[in-house]
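Participant:
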Amino acid sequence: MDDAKKQLRQLNKLAWEKDKRAATPKNLDSNIKKNTAFIKKCKTSMGADMKTQLLNDIHKLSLEKYISEIVGSVMEGMLKCKTSVDVTACVEVVSALHQRFPDNFTLLLSGQLSKNLQPPNKQYLATLSAEQKEKEESARITKQRTYLRIACELWLVGVLRSVTDGAAALSSITTNGVEAHRDGVAGFVNTTTSTGNSSTTKDQQKKKDEHGFVYSVLKDLLANDMEQFINLPLVASFLKNYGQTIMGIVPRKQKAAAEQHAEFITLEIDPESVVSPDIHGLLTSLMQNYYKSVSRHMGKLHKAVKKMERHNNETLFARGELSEESKQRFEKATKAYEKFLGHTQTLADALALDMPDLPEDEAANKQSSMVSNSGNAFQQDGKESSNVGSQGMWEDEDARKFYEDLPDLRILVPDVFLENQTVKKDEEEQEKEQQPEEEEIIENEDVDPLEEAIENVEDAAGDEDGSIKPTQNAQLEGFIARLPNCANRDLIDAAAVDFCYMNNKNARNKLVKALLKVQRQRLDLLPYYARFIATLNVYFSDIGETIIAALTYEFKGLQRRKNQDLIESRVKNIRFLSELAKFKVTPAHTIFYAFKVALDDFTSHNIDIVCNLLECCGRFFLKSPETSARMSGMLETVMRKKNVQHLDSRYSLMVENAYYQANPPDKPAIQIKERSPMELYIRKLIHEDLCKKYLDKVLKQLRKLHWEDEKIRQFMVKTFQKIWKIKFGNIHLMAILASGLNRYHSDFGVQIVDGIVEEIRMGLEKKPLATPRLERSSAFGHPSDDDDESERDQGKSSHQRARAQVNRQLSSYSTTHKKLQEEHSKAIEQDPTIFDYDAVYDDLKEAERKKKEATKGSAEKKPKYIKGLLEMAEIRKRDRLLAEEKKVAREREEEGEAFADKEVFITETFKKQKEELERIEREEKEREEKAAKNKTMDTFYKQVLERKEAEHQAMLKAFAEKGEKKDRTTQADTAESTDVLLAKEAEKEGREVMLNDNNEIVDKRQLLGAGLNVKPKFGTFGSLAASDERIKERMSEYEAYKRKKVEEYEAKRKQGRSGDERERLSKEVEKQMMEVKQREQEEEERKKKALEDKLTVKRTTEDAAMSARERYLARKKQKLEEEKKK
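Once you know that position 252 of the sequence shown is 252 in full-length UniProt numbering, the rest is easy, because the numbers rise by one and skip nothing.
The following block contains the structure:
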């Protein structure tokens, strides 16, 4: 208990003692209106929202004459305290009233609480009907739950002491001057007239005083509730809220949570608490005894519900439907059972006791034990078999995932598309509409049952409002047309997601009709359609319900047409229902009803129905715990009918196949021989990798084996001896392997030969079945191994043809090579330096490197980015100042001449800053004007030409420097140089030379760099000694061409554009200037007008203010004069 409640309890205890009570405040308000308002406030609410007002009124108002009315209003206000905060506020208000009026208010309140917490009057309840009785009990429990909670809180804080206080107040005419009604409370007051029983009555009252208010109330409530347990919700609420506080029991859930977090719960013992050890023991004993009775009743209720459920299932399996009365009775019993179970769990948790053991249905246990003894149960050796495998519910893991792992549409689709609008018609009306009379069915026997089912679907949805837009209708039609192509799991799951985006009632109806109209021959689509329906059925249950109802109706219609051969429709119908049953969309009783109907008339088409049902979902129901017993009985009935009736061989075989597919016989699985990794590797080399291409590789790997290991050696011998397991075309390769291994392991070859000979001899003697004699004998050779002479001659001729073809290719290549050499020599004669790009590139890079080194030595090392960052910061600062300056200017312009008569103070720093900003703005404006003038393409072309000209000049300069260098090195007797001298000079220059195919000395770099302008051709060494005249001539030609282009450009720039174009441009510019000027004038006029309006309003306001000021001063002056006169 917190400190506030402890302090409140101490004040309440002092109020019970007359000599220690606080003095009554004086000057209390006795106004009738205020006292009546206080009573209304108490009746309205005693919660936290009214606590402050009520406490203030209690301390300020007298309230002595209205105690009985206050008690009644407080009782009504208590019922509106639902939350813990409101209950706490109510306790504080009642405590304040108790502290002022303990002798009358508290006694009357105790009497009223005890009266409202007494058990119901059995005589009165007997006069009511069942419905009225249920409503009366529900209202009483709701009211008493609130009163009991507040009574517990008031008892803990010391306001309530015992039931006898309230009983005395109710039985007396007045209570300290306050009139009270003479009202005997059953269970609390025993009015006695004899004097002999007076002592007994006093002893009982004394005991009740010692036990406390809460124990007395609970004891009387539970004393007569050991059979019907009507007050179970009250006990559950009491234990949930005060089990730990009053009884000192830690709930199991709280204890488990504390143990999980390694925490220890310690209960603080309050020595001043009203809960004494005796009361604690009495309450614990009372609750435990009540819980034992509840546990016994829980077991009985569980048995009754299970029995009712079993009876309903039997009715469903036998008739296929359940009456509305049975449904309502079962739903009511189930709801009562679940409610009772929840309260029992609350009691068990609060009392830290175990839940009662709920026994299984005895009849179901007997039936399952009988089935397990017959050998058809799916449990073996006390362990449940796996859901996958020969003894499981599913054939393999893929089948289990297909039927159990459905996509969750809430993850894939927004919630707004998953809203389902329920059907407005009542279920009974739908059933009446969907079940036509038998006479009408007999008259329309020629009508297709599927068409009738679809018509019922349309009639059931005919009154639904919902229209589809044309675009949505087109999308839906396209979606329905694509459904037959969704023949795998991914496509059908994607289709379910797509349908959610076009979901409405009409769309669902069209979808149902499309699914029901699946072709009779397309049985492969039924599993995927069933998965599609199961995926949507989670959020759109009307789809599954409508389809099941239509298929059931179709099945009944087909059963009535026994004289018609509709085998494809029957098979499609039962398979569709069976596939939906595996997704748990079709109820089990529907399948068993169809099974029973077919077994009752086990002939012709019904045999097909039974066989298809067993093949499709027989295994599922046999291995499911809920339906295993019933399915086993059905299978026994099928086999018994098959044996008794003289069926055709075709039908007999069909029944046996279906039976063993649903209930496969127990056979041990094929044991796979376990082999070591080395054995598996050897088998892979010989059985998989061995071929003519990898023969050497396999031989090397086999030689690397650990031949000293006896196990590996014996396995190799066995592998080579079992030659019949090798491909017949690889037997000669095995012989080659054996020969190669025999060179290093001579005893290995002997063992192989001995083993194969022994097996051949044993095979000839015993003559066993399927003896591989040919393979064994082939290990020693085959008649087809001798080569024919004709084959050798044919191989020789083919080799000669291949050589001739290669020679022809070489001769064509040499011809092409000679042509390329001739073209290369012509190019060299025209320009000896045509292929010398590498040297020019090296010179360019060398010049750039020297330039960088020259600048690098002189320049200081500076930061790379900081300068740019500082410049940008400065620019941003100037822009900010400029924006602020413009903003100030606009504000001054709006102010107008309001401050024209004021002095202006400007510092030198501000003047400099303003001048700097004006300069920047002026320079920016000039740049913009210049850029506007140079927006033509001529400027762009000029810049491009200048950039290209600079690049070309740098290239020519480097080329000229290289030419001068060559001229200096090759100036002495170039024409008289021999090949030897040329080679020596090239070596001095650091070049590598070699002799080509034409016995010419060439540079290796020319071999690599040739072919940049013409086709590749080896050049001669003469290109190294080219003269400088050709270079100078080309330079002069280029200079002349450049001067000519520059002169043409200058002339064109001076001349400008043509007269017409210039005139047109001038007109456009003039027109634009006029428009800009006009806009500026309009803007200026608008601003001027706005300023005038503003000044006018301001002047009017100032005049009004001045006139008001003058009037005020005049009144003030007049008032002062009057005072002076007085």
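C-beta atoms are modelled at their ideal positions from N, C-alpha and C, and glycine is treated no differently.
1. Report all residues from its chain with a CB closer than 6 Å to the CB of Arg1115; omit the five preceding and five following residues, and keep chain order.
2. Rounded to whole angstroms, what's the CA-CA distance from Trp724 to Lys401? Just pull it up for me.
3. Tell me which residue opens and which closes the alpha helix (DSSP H) that Pro527 is part of.
4. Would Ile279 pass as a contact of Gly212 if the rule is Cβ separation under 8 Å?
5. Going by DSSP, what residues sit across from Asp29 in a beta bridge?
6. How is Trp724 classed by DSSP in three states: helix, strand or coil?
7. How many angstroms separate the CA atom of Asn104 from the CA atom of Ala37?
8. Which class does Trp394 belong to by DSSP, given the choice of helix, strand or coil?
9. At the level of alpha carbons, what is the spacing between Gln421 and Phe540?
10. Just the C-alpha distance for Ser216 and Leu156, rounded to the nearest angstrom, thanks.
11. Output the distance between the C-alpha atoms of Thr245 and Lys292, rounded to the nearest integer angstrom.
12. Determine the direct distance from the alpha carbon of Asn807 to that of Gln800, and round the result to whole angstroms.
13. Excluding the 5 residues flanking Ile141 on each side, which residues of the same chain have their C-beta closer than 6 Å to its C-beta?
14. Would you call the segment 543 to 556 and the segment 510 to 522 touching, i.e. three or more CB-CB distances under 8 Å?
15. Excluding the 5 residues preceding and the 5 following Thr315 in the sequence, name in chain order all residues of the same chain whose CB lies nearer than 8 Å to its CB.
16. If we ignore side chains and look at the alpha-carbon of each, how far apart do Ser237 and Lys51 end up?
17. Using a Cβ distance threshold of 8 Å, determine whether the segment 573 to 590 contacts the segment 344 to 357, with at least three qualifying pairs required.
18. Roughly how many angstroms separate the alpha carbons of Glu1121 and Asp57, rounded to a whole number?
19. If the criterion is Cβ atoms closer than 8 Å, does the pair Met308 and Ala333 meet it?
20. At what residues does the alpha helix (DSSP H) containing Arg241 begin and finish?
21. Three-state secondary structure (DSSP) at Pro677?
22. Which residues mark the beginning and the end of the alpha helix (DSSP H) in which Gln99 is found?
23. Apply the 10 Å Cβ neighbour rule to Asp86 and answer buried if 16 or more other Cβ atoms are within range, or exposed otherwise.
24. For a test of the three-state rule: what should DSSP assign to Thr174, helix, strand or coil?
25. Let me confirm a value: His952 is counted as buried when at least 16 other C-beta atoms fall within 10 Å, else exposed. Which label applies?
26. Compare the C-alpha of Arg878 against each of Leu945, Ile920, Glu928, His732 and name the closest.
27. What residue range does the alpha helix (DSSP H) around Gln10 cover?
28. Comparing alpha-carbon positions, which option in Leu1091, Gly392, Phe715 lies nearest Ser628?
29. Residues in its own chain within less than 7 Å of Glu429 by CB, not counting five upstream and five downstream?
30. Classify Ile672 as helix, strand or coil using the three-state DSSP reduction.
31. Using a threshold of 8 Å, state whether the C-beta atoms of Thr106 and Gly77 are closer than that.
32. To which residues of the same chain is Ile567 closer than 8 Å at the C-beta, ignoring the five residues directly before and after it?
33. Write down the C-beta distance between Thr344 and Met298 rounded to the nearest angstrom, noting that I regard them as a contact closer than 8 Å.
34. Is DSSP giving Pro625 helix, strand or coil here?
35. By the three-class DSSP mapping on this structure, what secondary structure does Met75 have?
Facilitator: According to the structure shown:
1. Counted from its first residue, the sequence shown places residue 1115 at position 1115. Cβ neighbours of Arg1115 beyond the five flanking positions: none.
2. Here residue 724 refers to the residue found at position 724 when the sequence shown is read from its first residue. Here residue 401 refers to the residue found at position 401 when the sequence shown is read from its first residue. Cα to Cα, Trp724 sits roughly 42 Å from Lys401.
3. One-based indexing of the sequence shown puts residue 527 at position 527. Per DSSP, Pro527 belongs to the alpha helix (DSSP H) from 526 to 537.
4. Start at 1 with the first residue of the sequence shown, and residue 279 comes out as number 279. Start at 1 with the first residue of the sequence shown, and residue 212 comes out as number 212. Closer than 8 Å, so yes.
5. Against the sequence shown, residue 29 aligns to sequence position 29. Bridge partners of Asp29: Leu61.
6. By one-based count along the sequence shown, residue 724 stands at place 724. Of the three classes helix, strand and coil, the one that applies to Trp724 here is helix, per DSSP.
7. Taking the first residue of the sequence shown as 1, we reach residue 104 at position 104. Taking the first residue of the sequence shown as 1, we reach residue 37 at position 37. Approximately 21 Å, taken between the alpha carbons.
8. Translated into the one-based positions of the sequence shown, residue 394 becomes position 394. Trp394: strand per DSSP, three-state reduction.
9. The sequence position of residue 421 within the sequence shown is 421, counting from 1. The sequence position of residue 540 within the sequence shown is 540, counting from 1. Model confidence at Gln421 stands at a pLDDT of 46, short of 50, so the residue's coordinates are unreliable; what they give is reported in the following sentence. Their backbone Cα atoms lie some 9 Å apart in a straight line.
10. Position 216 of the sequence shown holds residue 216. Position 156 of the sequence shown holds residue 156. Pairing Ser216 with Leu156, the inter-Cα distance amounts to about 15 Å.
11. As a position in the sequence shown, residue 245 is number 245, starting the count at 1. As a position in the sequence shown, residue 292 is number 292, starting the count at 1. Near 22 Å, if we compare the C-alpha coordinates of Lys292 and Thr245.
12. If you number the sequence shown from 1, residue 800 lands on position 800. If you number the sequence shown from 1, residue 807 lands on position 807. Roughly 11 Å separates the two Cα atoms.
13. Your numbering for residue 141 matches position 141 in the sequence shown. Counting only Cβ-Cβ distances below 6 Å, and skipping sequence neighbours, we find Pro233.
14. Between the segment 543 to 556 and the segment 510 to 522, the count of C-beta pairs closer than 8 Å reaches three or more; the two stretches touch.
15. Mapped onto the sequence shown, residue 315 falls at position 315. Non-local C-beta neighbours of Thr315 in its own chain, meaning closer than 8 Å and more than five positions away in sequence, comprise Leu322, Ser326, ordered along the chain.
16. Working through the sequence shown from its first residue, we reach residue 237 at position 237. Working through the sequence shown from its first residue, we reach residue 51 at position 51. If you draw a straight line from the Cα of Ser237 to the Cα of Lys51, it is about 25 Å long.
17. Output reads no: the segment 344 to 357 does not touch the segment 573 to 590.
18. By 1-based counting over the sequence shown, the position of residue 1121 is 1121. By 1-based counting over the sequence shown, the position of residue 57 is 57. Each residue's alpha carbon lies about 52 Å from the other.
19. Residue numbering aside, residue 308 sits at position 308 when the sequence shown is read from its first letter. Residue numbering aside, residue 333 sits at position 333 when the sequence shown is read from its first letter. Cβ distance < 8 Å, so Met308 and Ala333 count as in contact.
20. Residue mapping note: residue 241 aligns to position 241 of the sequence shown, counting from 1. The question names Arg, but residue 241 in the sequence shown is Asn. Counting along the chain, the alpha helix (DSSP H) containing Asn241 begins and ends at 232 to 246.
21. Here residue 677 is taken as the residue at index 677 of the sequence shown, counted from 1. Of the three classes helix, strand and coil, the one that applies to Pro677 here is helix, per DSSP.
22. Locating residue 99 in the sequence shown gives position 99, counting from the first residue. Looking at the DSSP string, the run of the alpha helix (DSSP H) that includes Gln99 is 84 to 100.
23. Position 86 of the sequence shown, counted from the start, is the residue given in the question as residue 86. The residue in question, Asp86, is buried, as its Cβ has 16 or more Cβ neighbours within 10 Å.
24. For this step, residue 174 is matched to residue 174 along the sequence shown. Here the model assigns Thr174 a pLDDT of 47, short of 50, so the residue's position is not dependable, and the following value carries that caveat. Secondary structure at Thr174: strand, using DSSP grouped into helix, strand and coil.
25. Here residue 952 is taken as the residue at index 952 of the sequence shown, counted from 1. With a threshold of 16 other beta carbon atoms within 10 Å, His952 falls short and is exposed.
26. In the sequence shown, residue 878 corresponds to position 878, counting from 1. Cα-wise, what sits closest to Arg878 is Ile920.
27. Translated into positions along the sequence shown, residue 10 becomes position 10. Gln10 -> alpha helix (DSSP H) spans 3 to 16.
28. To locate residue 628, count along the sequence shown from 1; it is residue 628. Cα-wise, what sits closest to Ser628 is Gly392.
29. Here residue 429 corresponds to residue number 429 of the sequence shown, with the count starting at 1. Because Glu429 carries a pLDDT of 44, less than 50, the predicted location of this residue cannot be relied on, and the following value inherits that uncertainty. Close CB contacts of Glu429 within its chain, under the 7 Å cut and outside five residues either way in sequence, are absent.
30. Numbered from its first residue, the sequence shown carries residue 672 at position 672. In the structure shown, Ile672 sits in coil (DSSP, three-state: anything other than H, G, I, E or B).
31. One-based indexing of the sequence shown puts residue 106 at position 106. One-based indexing of the sequence shown puts residue 77 at position 77. Judged by beta-carbon spacing, Gly77 lies beyond the 8 Å limit of Thr106, meaning their Cβ atoms are not closer than that value.
32. In the sequence shown, the residue the question calls residue 567 occupies position 567. The beta carbon of Ile567 lies closer than 8 Å to those of His605, Asp608 in the same chain, with the five residues before and after it left out.
33. As a first step, residue 344 is located in the sequence shown; it is residue number 344 there, counting from the start. As a first step, residue 298 is located in the sequence shown; it is residue number 298 there, counting from the start. Contact flag correct, Cβ pair sits at about 5 Å.
34. Your numbering for residue 625 matches position 625 in the sequence shown. In the displayed model, Pro625 falls within coil according to three-state DSSP, outside both helix and strand.
35. The sequence position of residue 75 within the sequence shown is 75, counting from 1. Helix at Met75.
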